[in-house]
Ligand code: MN
Ligand code: MN
Ligand code: MN
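In the working numbering, the protein residues as written are 1201 to 1480.
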């Protein structure tokens, strides 16, 4: 059974609408899908997976930090209308907006014209983030391209950078649990931690109540998968997998486009009722 538990839509920084993503996932043979937009469950409004033959599992991806490194926690199989979860989402969205204001103030000091208005226009209905400021820097001729905008202005330690004030991992894990979900450490190999530090990060995540980790994130080399599987089973964490799909691009994973979980790990969906799907 094809299961993809980490994807994005236009409700955050993905390129497909929730309906488009669902259709694409269905065409690709995905039978269980979680849309895990950044600090948002807006994709779930009126969505019904039935037409595409896809079972939807409600999810979300929260940003937080561990010892100065930004890390992401996915919540899976959540009740999206849970009040504690909703309050948490509102708090993260305030943190994102407030960070945008601090970035704008810094860029203004550097002489960049109208950074907040410019980034807001580019973001449209989405929350303003660094990519929108980067685009504004290019549009105003301040930087010659997006990567220069990040390298010279927006990367950590650069003059336009402002540190986000995300909630702590333990708080986020509590919101996910309040909503009946499982808390999953997202894409552990993406944080560029040494293996020792990744082990410490996983220990801290588990001590804070974390339930699972992504053993597969997108197209991943088999050695990384074997290593993550070892870190996972050693701690009795559950295992998750997902494409982290944002858009179709060369070399990127399509929905469902990744290896199966290796034997020896326990899938995060082991207690979920997926009978309606697996009998199809
Ligand atoms: Mn993203
Ligand atoms: Mn992420
Ligand atoms: Mn993601």
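Virtual Cβ for every residue (Gly too), placed ideally from N, Cα, C.
Distance from the CA of residue 1322 to the CA of residue 1362, rounded to the nearest whole angstrom, comes to 19 Å. Note that the stretch 1276–1286 does not touch the stretch 1391–1405; fewer than 3 beta-carbon pairs, one per stretch, sit closer than 8 Å.
Within the stretch 1253–1329, the runs of beta strand (DSSP E) at least 3 residues long that lie entirely inside it are, in chain order, 1259–1266 and 1269–1276.
Cβ-Cβ distances below 8 Å link residue 1254 to 1222, 1225, 1226, 1230, 1231, 1232 and 1233 in the same chain, with the five nearest sequence neighbours on each side left out; the list follows chain order. Relative to residue 1386, the option among 1347, 1302 and 1236 whose CA is nearest is 1236. Annotation for residue 1454 indicates a beta carbon at 6 Å or more from all heavy atoms of ligand 3. Relative to ligand 3, residue 1444 has its C-beta within less than 6 Å of a heavy atom. Distance check between residue 1265 and each of 1470, 1393, 1214 and 1367 places 1367 closest, using alpha-carbon atoms only. Taking non-hydrogen atoms of ligand 3 into account, the C-beta of residue 1261 is found less than 6 Å away from one of them.
Under the three-state reduction of DSSP, residue 1382 is assigned to strand. Bounds of the alpha helix (DSSP H) holding residue 1347 are 1346–1349. The C-beta separation of residue 1293 from residue 1263 comes to about 11 Å, leaving the pair out of contact by the 8 Å criterion.
Annotation for residue 1439: the continuous beta strand (DSSP E) segment containing it runs 1438–1442.
When DSSP reads this structure, residue 1203 sits in a beta bridge with 1232. Three or more pairs of CB atoms, one per stretch, sit closer than 8 Å, so the stretch 1208–1222 contacts the stretch 1432–1448.
Excluding residues up to 5 positions away in sequence, 1275, 1278, 1279, 1280, 1282, 1284 and 1285 lie with their Cβ nearer than 8 Å to the Cβ of residue 1379 in the same chain.
For residue 1417, there is no enclosing alpha helix (DSSP H); the residue is part of the beta strand (DSSP E) that begins and ends at 1412–1417. The continuous alpha helix (DSSP H) containing residue 1222 extends over residues 1218–1227. The beta carbon of residue 1213 sits closer than 6 Å to at least one heavy atom of ligand 1. Apart from the 5 residues on each side of it in sequence, residue 1468 sits with its Cβ closer than 6 Å to the Cβ of 1382, 1412, 1438 and 1440 in its chain, given in chain order. Exclusion of the five residues before and after residue 1456 leaves 1202, 1204, 1225, 1228, 1229, 1230 and 1443 as the residues of its chain whose Cβ lies within less than 7 Å of its Cβ. Around the beta carbon of residue 1425, 16 or more other beta carbons sit within 10 angstroms, so the residue counts as buried.
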